Amino acid sequence: MSTTRSSRRPAPIRRTWIALTLLLALVVGALAAMGCSDDDEPITVYSGRSQSLIGPLLERFAEDTGVDVQVRYGGSTDLALLLQEEGDRTPADVFISRSPGPIGFLAERGLLAELDDDVLGLAPSSPSGYWVALTGRQRVLVYNKELFDPADLPTSIHELTDEKWLGRVAFAPTNGSFQDFFTLFRLSDGDDVALAWLKALHDGGAPVYPNNVSIVQAVARGEVELGLVNHYYNLRIQVEDPSTPSENHRFRDGDPGGVTIATAIGATASGDKDVAQRLIRFLTSKVAQEYFGKANFEYPLATGVELEGINAEPPGPIHLGEFDRLGTSLERTIELIREAGFEP
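Numbering (my numbering), first residue to last: 58 to 401.
And the structure:
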């Protein structure tokens with residue numbers, strides 16, 4: 058039996074495993090329907106998604122297809138830079154990114170293979186044809202419901218620089234999801250507007266945290282009042298502790314503060330495209346997509362997969378064309394974050 062190999066030790070998924078185990082059991086049938094055999098070439102995956110989330114799916118793919126799956130886990134940006142350095146010598150066949158920025162970076166440099174039309178049709182895909190979206194993560198404002206009536210909360214990201222909110226909203230300038238949001242903010246509103254907004258947060262004393270998890274935890278324990286995060290972090294806490302006082306608040310439709318950022322997968326230009334696309338087909342299958350939704354409360358994006366449970370409300374349209382520009386805009390984003398006074 059083939060198994061995945063990793064350069065890191067497994068991290069626990071803090072979730073009830075009964076439903077997830079049953080879901081993964083269904084994957085056997087899905088893979089059998091794909092006509093998988095036991096004599097396939099090995100596949101090497103560079104994954105910017107954590108082992109605790111995607112590892113069980115990769116292991117199931119390995120066990121039920123006979124494909125030897127080797128995985129290197131790390132930050133999406135770090136792995137993209139590594140793949141660029143390796144060039145045609147990279148062992149990677151597949152790149153899985155936590156956000157479109159790093160995968161757009163690789164596509165721009167000719168390091169990804171153009172995917173077949175049937176694969177691109179499995180889920181929302183890049184107009185360039187180089188990657189497919191797996192799940193969606195919406196940016197929200199997490200707040201302490203013991204302190205606020207949701208009707209009184211800001212409806213736009215622009216309102217956060219009003220005197221009423223300055224110094225009260227935490228965020229994570231070093232976090233990739235914030236940087237993706239800020240890049241899209243720049244592209245929609247212009248560098249001058251985005252920089253002025255970020256400088257106002259800095260000068261107003263906005264609390265800074267290293268990541269989304271620490272922000273949600275700080276809001277839940279009353280350390281800060283509000284925070285800019287991805288939607289699913291608070292959903293995790295609500296399931297683990299229903300008494301938590303933290304809630305998600307969405308900005309109005311169309312506001313840059315409420316963008317839904319896609320996770321993405323692509324095949325490397327120098328790798329085995331056929332086996333890479335088989336993995337893409339598997340990760341966009343109904344059972345795999347439902348696993349993403351139940352395990353991490355992300356929005357499944359594959360065609361024909363309906364949302365259920367705590368994350369059942371759709372996040373709205375996702376404009377993947379804008380995400381293709383993230384890869385060429387990240388360096389400028391980092392420059393502006395530094396110019397505003399933060400160290401990314």
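We treat Cβ as the ideally placed atom computed from N, Cα and C, and that holds for glycine. Computed from a prediction, not measured in an experiment: that's the story for all the values here.
Whole angstroms are fine: how far does the CA of Lys256 sit from the CA of Gly398? Mapped onto the sequence shown, residue 398 falls at position 341. Mapped onto the sequence shown, residue 256 falls at position 199. Each residue's Cα considered, the two are about 7 Å apart.
Taking Arg395 as the reference, which of Leu364, Ala253, Leu358, Phe308 has the closest Cα? Counting from 1 along the sequence shown, the entry for residue 395 is found at position 338. The residue with the shortest Cα to Cα distance from Arg395 is Ala253.
For His306, which residues does DSSP report across the bridge? Numbered from 1 along the sequence shown, position 249 holds the residue referred to as residue 306. Answer is Leu198, bridged to His306.
Going by Cα to Cα distance, which pick from Val273, His306, Glu282 is closest to Asp298? Along the sequence shown, one-based indexing puts residue 298 at 241. For Asp298, the nearest C-alpha among the options comes from Val273.
Exposure of Gly123, with buried meaning 16 or more beta-carbon neighbours within 10 Å: Your numbering for residue 123 matches position 66 in the sequence shown. Answer is exposed; the Cβ neighbour count stays below 16.
Whole angstroms are fine: how far does the CA of Ala119 sit from the CA of Leu172? To locate residue 172, count along the sequence shown from 1; it is residue 115. To locate residue 119, count along the sequence shown from 1; it is residue 62. In a straight line, the C-alpha of Leu172 is about 22 Å away from that of Ala119.
Measuring straight from C-alpha to C-alpha, what distance separates Tyr356 and Gln295? Start at 1 with the first residue of the sequence shown, and residue 356 comes out as number 299. Start at 1 with the first residue of the sequence shown, and residue 295 comes out as number 238. Each residue's alpha carbon lies about 17 Å from the other.
Beta-carbon within less than 6 Å of Asp96's beta-carbon, same chain only, minus the 5 sequence neighbours each way: which residues are those? As a working note, residue 96 is residue 39 in the sequence shown. The pLDDT assigned to Asp96 is 48, lower than 50, so where the model puts this residue is not dependable; a value taken from the coordinates is nonetheless given after this. None.
Beta strand (DSSP E) containing Ile272: first to last residue? Against the sequence shown, residue 272 aligns to sequence position 215. No beta strand (DSSP E) holds Ile272; the alpha helix (DSSP H) holding it covers 269 to 277.
Near Asn353, what residues of its chain come up, given a Cβ to Cβ distance below 7 Å and the 5 sequence neighbours on each side ignored? Residue numbering aside, residue 353 sits at position 296 when the sequence shown is read from its first letter. For Asn353, where only same-chain residues beyond five positions count, the Cβ hits under 7 Å are Leu110, Tyr289.
To the nearest angstrom, report how far apart Ile375 and Pro313 are at their CA atoms. In the sequence shown, residue 375 corresponds to position 318, counting from 1. In the sequence shown, residue 313 corresponds to position 256, counting from 1. Answer to the nearest angstrom: the Cα atoms are 12 Å apart.
Three-state secondary structure (DSSP) at Asn232? The residue labelled residue 232 in the question sits at position 175 within the sequence shown. The answer is coil: DSSP assigns Asn232 none of H, G, I, E or B.
Can you tell me whether Ile100 is helix, strand or coil according to DSSP? The sequence position of residue 100 within the sequence shown is 43, counting from 1. The answer is strand: DSSP assigns Ile100 an E or B state.
By Cβ distance, which residues of its chain are closer than 7 Å to Trp222, with the 5 residues on each side in sequence left out? If you number the sequence shown from 1, residue 222 lands on position 165. Only Pro211, Glu216 meet the Cβ criterion.
Across which residues does DSSP place Val128 in a beta bridge pair? Within the sequence shown, numbered from 1, the residue matching residue 128 stands at position 71. In the DSSP output, where bridge partners are listed per residue, Val128 has Val102.
How would you label Leu204, buried or exposed, when you count the other beta carbons within 10 angstroms and need 16 or more for buried? Residue mapping note: residue 204 aligns to position 147 of the sequence shown, counting from 1. The residue in question, Leu204, is exposed, as its Cβ has fewer than 16 Cβ neighbours within 10 Å.
Less than 8 Å between the CB atoms is what I'm expecting for Gln127 and Pro99, so what's the real figure, rounded? Residue numbering aside, residue 127 sits at position 70 when the sequence shown is read from its first letter. Residue numbering aside, residue 99 sits at position 42 when the sequence shown is read from its first letter. Indeed they touch by this definition, with Cβ atoms about 6 Å apart.
Whole angstroms is fine: what's the gap from Leu140's alpha carbon to Thr231's? Residue numbering aside, residue 140 sits at position 83 when the sequence shown is read from its first letter. Residue numbering aside, residue 231 sits at position 174 when the sequence shown is read from its first letter. Going by the C-alpha atoms only, they are around 22 Å apart.
With burial defined as no fewer than 16 other Cβ atoms inside 10 Å of the residue's Cβ, what is the status of Ala208: buried or exposed? As a working note, residue 208 is residue 151 in the sequence shown. Answer is exposed; the Cβ neighbour count stays below 16.
Which two residues bound the contiguous alpha helix (DSSP H) that contains Ser133? For this step, residue 133 is matched to residue 76 along the sequence shown. Counting along the chain, the alpha helix (DSSP H) containing Ser133 begins and ends at 133 to 143.
Segments of 3+ residues assigned as beta strand (DSSP E) that fall wholly inside the segment 300 to 348: Annotation note: the segment 300 to 348 contains the following uninterrupted beta strand (DSSP E) runs of length 3 or greater, listed N- to C-terminal: 303 to 306, 317 to 324.
Excluding the 5 residues flanking Leu336 on each side, which residues of the same chain have their C-beta closer than 7 Å to its C-beta? Position 279 of the sequence shown, counting from 1, holds the residue named residue 336. Hits under 7 Å: Ile100, Phe118, Val151.
Pick from Thr134, Leu168, Gly247: whose alpha carbon is nearest that of Gly328? Sequence index remark: in the sequence shown, residue 328 carries index 271 (1-based). Across the set Thr134, Leu168, Gly247, the C-alpha of Leu168 shows the shortest separation from the C-alpha of Gly328.
So what does DSSP say about Leu244, is it helix, strand or coil? Position 187 of the sequence shown, counted from the start, is the residue given in the question as residue 244. Helix, per DSSP.
Determine the burial state of Lys202: buried for a count of at least 16 other Cβ atoms within 10 Å of its Cβ, exposed for fewer. On the sequence shown, residue 202 is found 145 positions in, with the first residue counted as 1. Lys202 should be labelled exposed.
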